[in-house]
Each structure stands twice: as structure tokens, then as C-alpha cells.
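Reading through the C-alpha cells given below for one structure.
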Amino acid sequence: MYRLVLNLPQEFRQFVLFDLPSHEAMVDGIRIVWFQRDVPEPVCKPLAHLLSRQERERADSMVFAADRHSFIWVHACKRALLAEYVGMKPSQLEFMHNAQGKPFLVGSDLQFSLSHAGSYAVIALVRGRRLGVDIEPIRRLEDAMGLARRFFSEKEAERLRDLEGTPDFGLAFFECWTRKEAFIKALGGGLSIPLNGFEVSFHPSPNPDLRGISVATDGWILHDLKLVDGHAAALVAEVFS
Ligand SMILES: CC(C)(COP(=O)(O)OP(=O)(O)OC[C@H]1O[C@@H](n2cnc3c(N)ncnc32)[C@H](O)[C@@H]1OP(=O)(O)O)[C@@H](O)C(=O)NCCC(=O)NCCS
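For reference, each letter of the sequence shown is one residue, going 1 to 241 in the UniProt record's numbering.
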């Protein structure tokens, strides 16, 4: 196995991906890895050489140092994880992107999805099945109902309105958001996919589910991910055939 970071000072060992085995799970045959994304400069700096020129340029264009460090760290971790599967060095991997920006690993049937938000990043990996993952910290939003009216289906927005003023409101909002986002990411179509063209099961429904309106949802399965306290996360993947 390629070890991502070999020469870190002891105080940064806690950030080494492979020293966090408890932050891994298999869900429906899909490997899920999640980890903190805020790392100090001495951790991420030596990893920048694992990134492509374009990735380094993206990092360099970020205004805040913390964002640059996090971007380098997350993409180095992503490369290290994928590299294990294809038996290459992380720096040798090449990615291409579809028109909406979904990344694919060149020359492999390995599919992956990455999400980073709040203090965490999550990566889902599987061979031969399209998939999308999303994570969000549950937090207070200025105009959550306005966002719901804009991005959720009518029924989803109605269900959320029923929860206004209750302690479940934030969880319900971000559960719905991450479920929808995970499906959009699995399809790879970004904002070209109408967000009100499909519905997700809504809090407190015990069974995560997708229902097509104008967007077909047959052949896809939705899973809730319980990864980190205070976060909502979801995974959508093609049904194993
Ligand atoms: C870009 C998009 C993937 C969202 O990303 P996000 O939730 O802001 O951020 P995440 O961290 O979860 O995902 C970003 C990662 O997804 C991947 N990605 C980028 N474009 C993608 C696409 N079209 N499809 C799938 N994955 C994509 C990349 O790996 C990206 O990471 P990188 O930028 O560091 O390379 C896309 O789905 C989008 O624009 N969504 C619209 C937002 C919205 O209106 N959501 C409403 C939900 S109800």
C-alpha cells in the first residue's frame, strides 16, 4: 500500500489518512472514507507535489490559506486512495471531467465521488457503478425556507415548512439537501438536472428513497450515511446488476 505521508512530525500524525482506520465503512459494497479536512500547512505542503499542475493552480487561486491547505490535503488523500486501486503512484493519476465538471479517473472503471464541507471530507469509491456522495454540516441558515422553495420539489418544501420552529428543521433541511445533491452528483449533470424533477424521502421517513418526477430514478439507490455528529450525508449509487 502506498503510504500517503511518511515523514510527518509526530504532532501531525493524527492527520494521516491511513492512521484513521475507524473513518472507513462499506455501504452496499461501496467504500466510504471520511476525514478531517482542516490541516496545518506543514501537513499539506509536502503533499502538493502529488497534485497535477491544474490542481496546484486551483489551490493557489484560493484567497484563504486554510482553503488552500485543505484543498491540497483533500486532493492528495483522494489521489492516494484511488492510486491504491489502480497500482499507480498518486501523482501519476490523470483525471478528465465531463461538461458539468464531474471528474473521472482516466483508464479505469473505478468510480469515485468527493464531497467537502465544514470540517470534513468524504470520498466514496467503487468499481463499475456510478455514484455520488454529499456531506453538509447541519447549521442555521439565513433563509432556509427560501432555498427550499428554490431547490426542493413542492412537496419537499411543504414538508419542511411543516417542521418550521421545531428542533428537527435543520436536520430535515440538510438531509433533503444532501440526498438531492448526492443524486445530482451521481448523474454528473450538475445544475442541468432539474432539482424538482425528483423527490427524496423526507424526515422522519425511516427508509431513504428516491422518486422520479421528470428525472428517472430507476436503477439508483439512496443511502443515508451517519458519518459525523452534526452532519448530514448521503450516498446515491447505481444498483448492482
Ligand atoms: C458542483 C456540485 C458537484 C456541488 O458541489 P458542492 O456540494 O458545492 O461541493 P462538494 O464538496 O459536495 O462536491 C465538490 C466535488 O464534486 C465533484 N464534482 C464537481 N462537479 C461535479 C459534477 N457535475 N457531478 C459530480 N461531481 C462533481 C468534484 O470532485 C468536486 O470537488 P473539487 O471541486 O474539489 O474537485 C454540483 O452538484 C452543483 O453545482 N450543485 C448545485 C448546488 C445546488 O444547487 N444544490 C441544491 C441541492 S438541493
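We treat Cβ as the ideally placed atom computed from N, Cα and C, and that holds for glycine.
| Query | Result |
| --- | --- |
| From which residue to which residue does the alpha helix (DSSP H) around SER113 run? | Element bounds for SER113: not the alpha helix (DSSP H) but the beta strand (DSSP E), 110-117. |
| If you follow the beta strand (DSSP E) that PHE198 is in, where does it begin and where does it stop? | 198-200 |
| Quick check on THR166: buried or exposed, where buried means 16 or more other Cβ atoms within 10 Å of its Cβ? | exposed |
| Using three-state DSSP, classify ILE138 as helix, strand or coil. | coil |
| I believe residue 248 touches GLU156 by the beta-carbon criterion, under 8 Å. Please report the beta-carbon distance rounded to the nearest angstrom. | Nothing about residue 248 can be reported from this structure: the residues present for the chain run from 1 to 241 only. |
| Decide yes or no for the touch test of the segment 181-196 against the segment 93-108: beta carbon pairs closer than 8 Å, at least 3 of them. | yes |
| Does DSSP put ASP229 in a helix, a strand or coil? | coil |
| Determine the direct distance from the alpha carbon of CYS176 to that of ASP28, and round the result to whole angstroms. | 20 Å |
| With hydrogens ignored, establish whether the beta-carbon of GLY212 is closer than 6 Å to any heavy atom of ligand 1. | no |
| Can LYS102 be considered in contact with ligand 1, in the sense that its beta carbon sits closer than 6 Å to one or more heavy atoms? | yes |
| Tell me whether GLY170 sits in a helix, a strand or coil according to DSSP, three-state version. | helix |
| Go to VAL74, then tell me how far its alpha helix (DSSP H) extends in each direction, as first and last residue. | 65-86 |
| Decide if GLY212 is buried, meaning its Cβ has at least 16 other Cβ atoms within 10 Å, or exposed. | exposed |
| My output table needs one value for VAL33: the three-state DSSP class, helix, strand or coil. | strand |
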